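Residue numbers (UniProt numbering): 1 to 523.
Where is the CB? At the ideal position from N, CA and C, for every residue including glycine.
Fair warning: this is a prediction, and the values are worked out from it, not measured in the lab.
All remarks here apply to the structure that follows.
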């Protein structure tokens, strides 16, 4: 997105419909002028410099004119000039009537002097509270002289770190009462902060209990969904390299799979090979949708955390938009691929069989994507890319277990139970039902073949152990898996974004066990 588009989306989410588009654009232009981003308003976000990205992050939060702004290390990763400009802009924002609170590590002397109030901590204790320009006098008051060529911020950090002895740390903590007092040089000692006592008294007498869930966002859920869906769709279509890669990949696989199983669909002498074609379909629709989400979603978590914690939108709305935005391109590419392989392999040309084949394949694709989202919701990129494919291997094995056993072989009950939790098994059964089920006509035995054992589809199903398959059951099971995986993924994302990671001790114990013994991390 461009800077202007990102700002407009922020305004739509935060301001809702209470302002017209022209009024929102006026607010956006005013903020961009304030943060010196007017010249970059038509620049794509990934082309901005480090300093411009920091300013854009601040601008996005200024849309609804918040009275208090919290910033976590706004100068990290910036050079001295960009850091100084960033702090100068924050000072301008503060002069405009807003309270700006930020954490910062060892700023330059010039930046340090810009802060109206400084609160320095060491070992969990407050060692100074007051103006940044008073630190030199404060250090003199406790018996230390800051060298003329030294940055006062660096000097007090060194003292707090114990380089001049631990006694000075205790003196500094006691001089400001561990944050209860503000140091002023006019009286040569710390001055008790009366405002703190007034606030403490107000807190003690404040009886109203605030429920964060009652603090509703300004935009309705439907309006938020439309905005997020629009943003995700624009981002998807503008990533042309990735989009074209997906298109070429589906077409390439269509030619490869279609060529490998060319004209085998109605050839009775190659029926077993066509069974392999059915399995190839579900494997392709397992990996193609799953792998991109394993790489993509963990990278989106940082953006999701920032926007969700700043109350841009509701989490359920975001998740719904995330799922729905991927449907059009995924279904379209799946249809292109399925059409190619279906025609190349000479499968039965029947409308209802093709509809069953397409629908069950697309359901496998959507379920695989939701499975990938479930894995990616708890793990970082590297771990997700490893764990995702590995834990799908048992699912693949269970999908083909029992093929060729025939009708007389009894599969143990525990194996059947495991097979029932493999969504790929239902996908395979659904595809086989679409191609060979429902009284399919006899297949053609080539003239050069003396005998074709699997000319009749019913005999083939009995021999392979698929005589009891049902397309409605397979499709219904895949729908249940799809909804279950999405619901569980949403639950894990919500727990990851909550202050209390989980309310279920068993889940927490399993997570700790996995991290400790498998060396995995979910942060």
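Worksheet item: Given that a residue counts as buried once 16 or more other Cβ atoms are within 10 Å of its Cβ, and exposed if not, what is residue 275?
Response: Flag for residue 275 reads buried.
Discussion item. My assumption, with CB atoms under 8 Å, is that residue 289 sits in contact with residue 368. Please give the rounded CB distance.
Written reply: Sure, about 5 Å apart at Cβ, within 8 Å.
Worksheet item: Smallest Cα separation from residue 70: which of 48, 103 and 47?
Response: Each of 48, 103 and 47 was checked against the Cα of residue 70, and the nearest Cα belongs to 103.
Practice prompt. For residue 167, name the three-state secondary structure that DSSP assigns.
Written response: Three-state DSSP puts residue 167 in a helix.
Worksheet item: Can you tell me the Cα-Cα spacing of residue 53 and residue 6, whole angstroms?
Response: Distance between residue 53 and residue 6, taken at the CA atoms: about 12 Å.
Discussion item. My output table needs one value for residue 69: the three-state DSSP class, helix, strand or coil.
Written reply: Assignment of residue 69 by DSSP, reduced to helix, strand and coil, places it in the strand class.
Worksheet item: Roughly how many whole angstroms lie between the Cα atoms of residue 79 and residue 85?
Response: Looking at the backbone, the Cα of residue 79 and that of residue 85 are separated by about 10 Å.
Item to complete: Would you list the one or two residues that DSSP bridges to residue 267?
Response: Paired residue(s): 444.
Discussion item. Please classify residue 115 as buried or exposed, where buried requires at least 16 other C-beta atoms within 10 Å of its C-beta.
Written reply: Of the residues assessed, residue 115 falls on the buried side of the cut-off, its CB having 16 or more other CB atoms within 10 angstroms.
Discussion item. Please state the DSSP three-state secondary structure of residue 436.
Written reply: Per DSSP, reduced to three states, the secondary structure at residue 436 is helical.
Worksheet item: Do residue 136 and residue 126 have their CB atoms nearer than 8 Å?
Response: Residue 126 is positioned such that its CB atom lies no closer than 8 Å to that of residue 136.
Practice prompt. Leaving aside the five residues before and after residue 364 along the sequence, list all residues of the same chain whose C-beta is less than 6 Å from its C-beta, in chain order.
Written response: The answer, listed in chain order, is 282, 285 and 427.
Discussion item. Check whether the stretch 318 to 336 and the stretch 441 to 453 touch, using three or more Cβ-Cβ pairs below 8 Å as the test.
Written reply: Not touching, per the Cβ criterion.
Discussion item. Mapping the DSSP letters down to three states, classify residue 332 as helix, strand or coil.
Written reply: DSSP places residue 332 in helix when its eight states are reduced to three.
Fill in: Identified DSSP bridge partners for residue 103
Partner(s): 72.
Worksheet item: How about residue 475 and residue 360: do their beta carbons lie closer than 8 Å?
Response: For residue 475 and residue 360, yes; Cβs fall inside 8 Å.
Worksheet item: So, residue 344 versus residue 259, is the Cβ gap smaller than 8 Å?
Response: Yes, the pair counts as a contact, with Cβ atoms nearer than the cut-off.
Discussion item. Tell me whether the stretch 216 to 230 and the stretch 314 to 324 touch, counting them as touching only if at least three CB pairs, one residue from each stretch, are closer than 8 Å.
Written reply: Judged by Cβ distances under 8 Å, the stretch 216 to 230 makes contact with the stretch 314 to 324, as three or more pairs qualify.
Practice prompt. Please check the pair residue 142 and residue 172, which I expect to be a contact at CB under 8 Å, by giving their CB distance rounded to whole angstroms.
Written response: Indeed, because the Cβ distance is near 6 Å, the residues count as touching under 8 Å.
Practice prompt. Specify, as a first and last residue, the run of the alpha helix (DSSP H) that residue 109 falls within.
Written response: In this chain, the alpha helix (DSSP H) harbouring residue 109 covers 109 to 112.
Fill in: Three CB pairs or more closer than 8 Å across the stretch 228 to 235 and the stretch 250 to 264
Judged by Cβ distances under 8 Å, the stretch 228 to 235 makes no contact with the stretch 250 to 264, as fewer than three pairs qualify.
Worksheet entry | Three-way DSSP call (helix, strand, coil) for residue 431 in this model | Three-state DSSP puts residue 431 in a helix.
Practice prompt. Using DSSP bridges, identify the partner residues of residue 44.
Written response: The partner list for residue 44 (beta bridge, DSSP) reads 2.
Item to complete: May I ask which residues mark the beginning and end of the alpha helix (DSSP H) holding residue 324?
Response: Counting along the chain, the alpha helix (DSSP H) containing residue 324 begins and ends at 315 to 325.
Discussion item. Let me check one thing: in DSSP terms, what residues is residue 122 bridge-paired to?
Written reply: Secondary-structure assignment with DSSP links residue 122 through a beta bridge to 125.
Fill in: Distance between residue 44 and residue 161 (C-alpha atoms, nearest Å)
Using only the alpha carbons, I get a separation of about 43 Å.
Worksheet item: With distances taken from CA atoms, which of 493, 128 and 497 is nearest residue 170?
Response: Taking only the C-alpha atoms, the option nearest residue 170 is 128.
Fill in: Candidates 391, 379, 91 and 148: closest to residue 74 by CA position
Nearest of 391, 379, 91 and 148 to residue 74, Cα basis: 91.
Item to complete: Could you work out which residue in 219, 460, 77 and 473 is closest to residue 532 when comparing CA atoms only?
Response: Since the first residue of the chain shown is 1 and the last is 523, residue 532 is not available in this structure.
Worksheet item: Do you know how far the Cα of residue 179 is from the Cα of residue 159?
Response: Rounded to the nearest angstrom, the two C-alpha atoms are 17 Å apart.
Worksheet entry | DSSP beta-bridge partners of residue 130 | Beta-bridge pairing links residue 130 to 118.
Practice prompt. Answer yes or no: do residue 148 and residue 131 have a C-beta to C-beta separation smaller than 8 Å?
Written response: Going by C-beta atoms, residue 148 is not nearer than 8 Å to residue 131.
Practice prompt. Could you pull the start and end residues of the alpha helix (DSSP H) that residue 153 belongs to?
Written response: Residue 153 -> alpha helix (DSSP H) spans 152 to 160.
Item to complete: Keeping to the same chain, check which residues put their C-beta closer than 6 Å to that of residue 270; ignore five residues upstream and five downstream.
Response: Residues 264 of the same chain have their beta carbon placed closer than 6 Å to that of residue 270, with the five preceding and five following residues left out of the count.
Item to complete: Could you spell out the range, first to last residue, of the alpha helix (DSSP H) harbouring residue 86?
Response: From DSSP, the alpha helix (DSSP H) with residue 86 extends over 80 to 95.
Worksheet item: Are there 16 or more other CB atoms within 10 angstroms of the CB of residue 395, so buried, or fewer, so exposed?
Response: Its Cβ being crowded by 16 or more others within 10 Å, residue 395 is buried.
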